[in-house]
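One structure is given below, encoded as structure tokens.
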Amino acid sequence: MAASQPPPPKYPIPFLPTEELTSDLYLITTTTTTTSSSKQTLPQLQRGAHPNINKTPQTLPGNASVDLSPASIQSQLQTTVLTTKLNTMAPHLWLISTQSSASISPLHKQRILGREILISDTADLHLIWHYSRIFLKPLPRYLLSHAFWEYLHHLSSSGKLHDHDQEDILPAITGFLRTYAHLIQSETDFRIALSHGLVPEDIRFEPFAKFIKRFKNLPNSQASPRFSFGELRLTRLNFWAVVFLRQRHYFNVSRQYETYFERFFGPLLFIFGTLSVLLSAMQVGLAAVAMESVDEWAWERFVSVSKWTSVAAIFVVLAAVVWLSVVLVTKILGEFVYALGMLWKKRASARTNAV
Numbered sequence: 001m002a003a004s005q006p007p008p009p010k011y012p013i014p015f016l017p018t019e020e021l022t023s024d025l026y027l028i029t030t031t032t033t034t035t036s037s038s039k040q041t042l043p044q045l046q047r048g049a050h051p052n053i054n055k056t057p058q059t060l061p062g063n064a065s066v067d068l069s070p071a072s073i074q075s076q077l078q079t080t081v082l083t084t085k086l087n088t089m090a091p092h093l094w095l096i097s098t099q100s101s102a103s104i105s106p107l108h109k110q111r112i113l114g115r116e117i118l119i120s121d122t123a124d125l126h127l128i129w130h131y132s133r134i135f136l137k138p139l140p141r142y143l144l145s146h147a148f149w150e151y152l153h154h155l156s157s158s159g160k161l162h163d164h165d166q167e168d169i170l171p172a173i174t175g176f177l178r179t180y181a182h183l184i185q186s187e188t189d190f191r192i193a194l195s196h197g198l199v200p201e202d203i204r205f206e207p208f209a210k211f212i213k214r215f216k217n218l219p220n221s222q223a224s225p226r227f228s229f230g231e232l233r234l235t236r237l238n239f240w241a242v243v244f245l246r247q248r249h250y251f252n253v254s255r256q257y258e259t260y261f262e263r264f265f266g267p268l269l270f271i272f273g274t275l276s277v278l279l280s281a282m283q284v285g286l287a288a289v290a291m292e293s294v295d296e297w298a299w300e301r302f303v304s305v306s307k308w309t310s311v312a313a314i315f316v317v318l319a320a321v322v323w324l325s326v327v328l329v330t331k332i333l334g335e336f337v338y339a340l341g342m343l344w345k346k347r348a349s350a351r352t353n354a355v
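Quick note: the sequence shown uses UniProt numbering, first residue 1, plus one each step.
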């Protein structure tokens, strides 16, 4: 009877060893031999060329404070790659964003939209935009190494990762890298990425394009729940974080009282201006009614014009308020109906595929 083949890994490495973009890391596998059998121990992750191993810092490339021990690597990934809060909100993110992992504008379009690219070293803010700014996490050099991915698979299969991290870290990394397949779609995007430090400066476009293409069409089942969605609007995240996270906000960008209260000035000025016009029109109307007994023809005409002008002003203000309210409600309902339709379509497709 033929020996049974081991099951394929749940989260396979998407790229080939020959397609890696950094060769700083490699694995050393040792075998422990006893009188009865031989046993392979957990491979060790090393940095540098084999002959110069003692001359190369044994830290993660680009992270001089993180050594190559399993505990340090896991702590680093927990801090910078996991998107715990967004994974918690993932079942409800259809209220915030288009239900597509491809809903990501390439970097050149981000510039066209007038968005300033801000660097965030944690994935919690990756692809979150706030008015004219968008937060992006740079690609860590070690994630471009095939040996590093192999090492993570060894850690996962050997139980060296905590239980909750075994199902989180690999899909988080996969989903994160998949976003760059949408952010960088041309050499123009690649140049923008280089200028903002989003990719290591020694990498060239053609090898990168070949590498990142491996991630573009990966299914959502290979990625974290957060990465089933693309760009997310911070104002909406802050609004729904109160409901789904029981927090005051998702991320607070207003650390100064002045900045915090500035957001209320526009609405308050609109309200005060509207009330001022209404009250002034009502005052003119009342004054005109009180002067209706004037006998002179000129004053009588002026009073009549004042009275009807005040009524017209009130009508125009109320019509503007109603129109703005209708537009706002229509836009909100339109987005909600569209999101709900996409949700139903997605669930119907999932049921069809299951059958």
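Even for Gly, the Cβ is constructed at its ideal location relative to N, Cα and C.
Query: With burial defined as no fewer than 16 other Cβ atoms inside 10 Å of the residue's Cβ, what is the status of P51: buried or exposed?; Result: Confidence in P51 is poor, its pLDDT being 48 and thus under 50, which makes the residue's placement too unreliable to answer from.
Query: At what residue ranges does the segment 121-193 contain a whole run of the beta strand (DSSP E), taking only runs of 3 or more?; Result: 128-130 and 133-136
Query: Excluding the 5 residues preceding and the 5 following Y142 in the sequence, name in chain order all residues of the same chain whose CB lies nearer than 6 Å to its CB.; Result: L60, P61 and F148
Query: With distances taken between CB atoms, is the gap from Q222 to T174 smaller than 7 Å?; Result: yes
Query: Could you give the distance in angstroms between the alpha-carbon of D24 and the alpha-carbon of S145?; Result: 8 Å
Query: Distance, Cα to Cα, N220 vs T18?; Result: 25 Å
Query: Might you give, ordered along the chain, the residues of its own chain that have their beta carbon closer than 6 Å to the beta carbon of L177, omitting 5 neighbours on each side?; Result: F215
Query: Near L127, which residues of its chain fall below 8 Å by C-beta distance, leaving aside the five closest residues on each side in sequence?; Result: I104, I134, F135, L136, T179, G230, E231 and L232
Query: Beta strand (DSSP E) containing residue 379: first to last residue?; Result: Examination of residue 379 is not possible in this model, given that the chain is present from 1 through 355 alone.
Query: N87 lies in the alpha helix (DSSP H); which residues open and close that run?; Result: T84 to M89
Query: Are there 16 or more other CB atoms within 10 angstroms of the CB of F264, so buried, or fewer, so exposed?; Result: exposed
Query: Who pairs with I28 in a beta bridge, going by DSSP?; Result: Q44
Query: Applying the 10 Å Cβ sphere with the 16-neighbour rule, what's the burial state of Q185?; Result: buried
Query: In whole angstroms, what is the alpha-carbon distance linking L234 and F261?; Result: 18 Å
Query: Give the range of the alpha helix (DSSP H) segment to which V243 is assigned.; Result: L234 to F244
Query: Using a 10 Å radius around the Cβ and a threshold of 16 neighbouring Cβ atoms, would you call Y338 buried or exposed?; Result: exposed
Query: Going by the CB atoms, is the gap between L183 and L107 shorter than 7 Å?; Result: yes
Query: Considering only the alpha carbon of each residue, which of W344, L139, T84 and S228 lies closest to F208?; Result: L139
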